[in-house]
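Colleague: Shown below is the structure under consideration.
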Amino acid sequence: MEEELICGACNMVFHSSELLGKHTAGKAEDKAASSQTDGAAVRNLTDEHERQLALIHAHNQQLEQQRDLAQQVSVLSEQSNATHLESLLMELREQEERNEETLQQPADQPDPGKNKKMHHDNYELISSVAGPLSTQIALQQAYVQSGGSDPVIVAQMIDLQAQAQSLETNQPAASTKARKKLKPRQRCPSLELLVLEQENQRLEEEILRIQLAREAGFVVFFDLVLGLDASLKALRLVAAVYSEGLQVGPPTPLPPVQCLRGVSLPYSHSLTHGNCALLSVKQPAPIQPSPSLCLVVEVQAASHLDVYNQEVFKMASCGWIQLELFDQYNQVVGNMELCVRLVNGRDGDVQTLAKPDPT
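Heads up: the sequence shown runs through residues 1 to 359, numbered per full-length UniProt numbering.
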């Protein structure tokens, strides 16, 4: 009977020593292969861990550099802002000191000889800096170009312009007269300068107010229509504003009104007698004035009303007209009236003999 052999590693039973030797040799080879595989995996994990640590270290260094740069930039910006504010404050202080010296200079010189010198210098101040005359002319032009048309303000501008011109013209004579004869309570020219400056300030505020009011737009008043045919019973206008050929907002149909029998009006001498329509309607246009704006008005009329003369039937278009509103200076285009005649071709020779009478 063969002796049974047992493997100490796995408790397997073998009947010969050769089989046990082969089994033991295979186990050793498997252990060596597995140990080699485990060593390679450990080395790979170690290398990957080292690479991750290197990347994390480099990223941390980059973040620290960015933080340092941000701190430096913030410090530089604070220093530059502080320097700029200090320079502005210094300029404002210097300007304030110069203004105080200018205002206190006439009151701090009671000596007559010095008063003469101050009197002459103040007149030179009035004639310098482009002169009050040119200043008044510029203010008047700016006021008119901004759309100002108040006759009171225009008259005040003309008076100021005349005063400035007289000051510039009579400056040598006034200086000579002041040297020869100096009154103790003579009006100081600096007061006249202050009065002119205050008036200029008021005019500038008025011009600014007009410029701000221009942004509110304009209003079109439709008063009446004259020379209507006697067969027309009701009339309506449809108005629209255009800018460079493009419509600004939807058309506005005005309320229809009934036509009235023609009345004798002082300003209808150039129109044929006929019915009229009293509109008394206004259309606001919140648009800033511009030479590209124009007003297109369509006339719609009806020949029939209901039995109560209320409802309008078959309102049809009778014509339209385009009106230019503002010139190149954004001022209202007006003060012109165009009278035309449209007659039958066979009556052209007869109408040629008619002479227009503007009276």
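The beta carbon of each residue, even a glycine, is placed where N, CA and C say it ideally should be.
State buried or exposed for Leu-293, treating a residue as buried only when at least 16 other CB atoms are found within 10 Å of its CB.
Modeller: When all chains shown are included, Leu-293 counts as buried.
Colleague: Assuming Asp-327 is part of the alpha helix (DSSP H), what are its boundary residues?
Modeller: Taken as a continuous stretch (DSSP letters only), Asp-327 belongs to no alpha helix (DSSP H), as it is neither H nor E.
Colleague: I need the boundaries of the alpha helix (DSSP H) containing Gln-351, first residue and last residue.
Modeller: That run of the alpha helix (DSSP H) goes 348 to 352.
Colleague: Are there 16 or more other CB atoms within 10 angstroms of the CB of Ser-190, so buried, or fewer, so exposed?
Modeller: That one is buried.
Colleague: Comparing C-alpha positions only, which one of Gly-39, Val-332, Asn-330 and Gln-300 sits nearest to Cys-318?
Modeller: Taking only the C-alpha atoms, the option nearest Cys-318 is Gln-300.
Colleague: In angstroms with no decimal places, state the Cα-to-Cα distance between Leu-203 and Glu-192.
Modeller: If I take the Cα positions, the gap works out to 17 Å.
Colleague: Go to Cys-294, then tell me how far its beta strand (DSSP E) extends in each direction, as first and last residue.
Modeller: Cys-294 -> beta strand (DSSP E) spans 293 to 302.
Colleague: Return the bridge partner residues of Thr-252 from the DSSP annotation.
Modeller: Paired residues: Ala-239.
Colleague: Where do the N-terminal and C-terminal ends of the beta strand (DSSP E) with Gly-227 fall, by residue?
Modeller: 218 to 228 is the span of the beta strand (DSSP E), which, as asked, contains Gly-227.
Colleague: I think Leu-254 touches Leu-279, with their Cβ atoms under 8 Å apart; what is that distance to the nearest whole Å?
Modeller: Contact flag correct, Cβ pair sits at about 7 Å.
Colleague: Taking only three categories from DSSP, how would you classify Leu-305?
Modeller: Note: Leu-305 maps to strand in three-state DSSP.
Colleague: Where does the unbroken beta strand (DSSP E) through Cys-276 begin, and where does it stop?
Modeller: Cys-276 -> beta strand (DSSP E) spans 275 to 285.
Colleague: Using a Cβ-Cβ cutoff of less than 7 Å, which residues in the same chain neighbour Ser-231 once the five nearest sequence positions on both sides are dropped?
Modeller: So the list reads Ser-303, once near-sequence residues are dropped.
Colleague: Note down the Cα distance separating Ile-207 from Leu-325, rounded to an integer number of angstroms.
Modeller: Whole-angstrom Cα-Cα distance: 21 Å.
Colleague: Report the rounded CA-to-CA distance for Leu-237 versus Leu-342, giving the unit in angstroms.
Modeller: About 22 Å.
Colleague: With DSSP run on the structure shown, which of helix, strand or coil describes Ser-231?
Modeller: Coil.
Colleague: So which of Thr-83, Asn-99 and Val-296 has the shortest CA-CA distance to Leu-246?
Modeller: Here the closest residue by C-alpha is Val-296.
Colleague: Can you find the residues in the same chain that come closer than 6 Å, C-beta to C-beta, to Ala-234, ignoring five residues on each side of it along the sequence?
Modeller: If we look at Ala-234 and ignore the five residues flanking it on each side, its Cβ neighbours are Pro-256, Gln-258, Ala-302 and Val-312.
Colleague: For Ala-285 versus Gly-345, is the C-beta distance shorter than 8 Å?
Modeller: Not in contact: Ala-285 and Gly-345 (Cβ atoms no closer than 8 Å).
Colleague: Tell me the rounded alpha-carbon separation between Pro-291 and Ala-239.
Modeller: Distance between the alpha carbons of Pro-291 and Ala-239: 18 Å.
Colleague: Between the beta-carbon of Lys-282 and the beta-carbon of Val-225, is there less than 8 Å?
Modeller: For Lys-282 and Val-225, no; Cβs fall outside 8 Å.
Colleague: Output needed for Trp-320: all residues of its chain with C-beta closer than 8 Å, excluding positions within five of it in sequence on either side, in chain order.
Modeller: Once the five neighbours on either side are set aside, the close Cβ partners of Trp-320 are Val-296, Val-297, Glu-298 and Val-299.
Colleague: What three-state label does DSSP hand Gln-258 in the structure shown?
Modeller: In this structure, Gln-258 counts as strand in the three-state DSSP scheme.
Colleague: Let me make sure I understand the geometry here. Which of Gln-198, Glu-205, Ala-277 and Thr-252 has the alpha-carbon closest to that of Asp-223?
Modeller: Here the closest residue by C-alpha is Ala-277.
Colleague: Pull the bridge partners of Gln-247 from the DSSP assignment, please.
Modeller: The partner list for Gln-247 (beta bridge, DSSP) reads Tyr-242.
Colleague: Which of helix, strand or coil does DSSP assign to Val-343?
Modeller: DSSP places Val-343 in coil when its eight states are reduced to three.
Colleague: What three-state label does DSSP hand Ser-317 in the structure shown?
Modeller: In the structure shown, Ser-317 sits in a strand (DSSP, three-state: E or B).
Colleague: Rounding to the nearest angstrom, what Cα-Cα distance links Ile-56 and Asp-47 in this structure?
Modeller: When rounded, the distance between both Cα atoms is 14 Å.
Colleague: Which residue from Asn-275, Val-248 and Gln-61 puts its Cα closest to that of Leu-228?
Modeller: Checking every option, the nearest Cα to that of Leu-228 belongs to Asn-275.
Colleague: Please report the straight-line C-alpha distance between Leu-89 and Glu-100, rounded to a whole angstrom.
Modeller: Taking the straight line from one Cα to the other gives about 16 Å.
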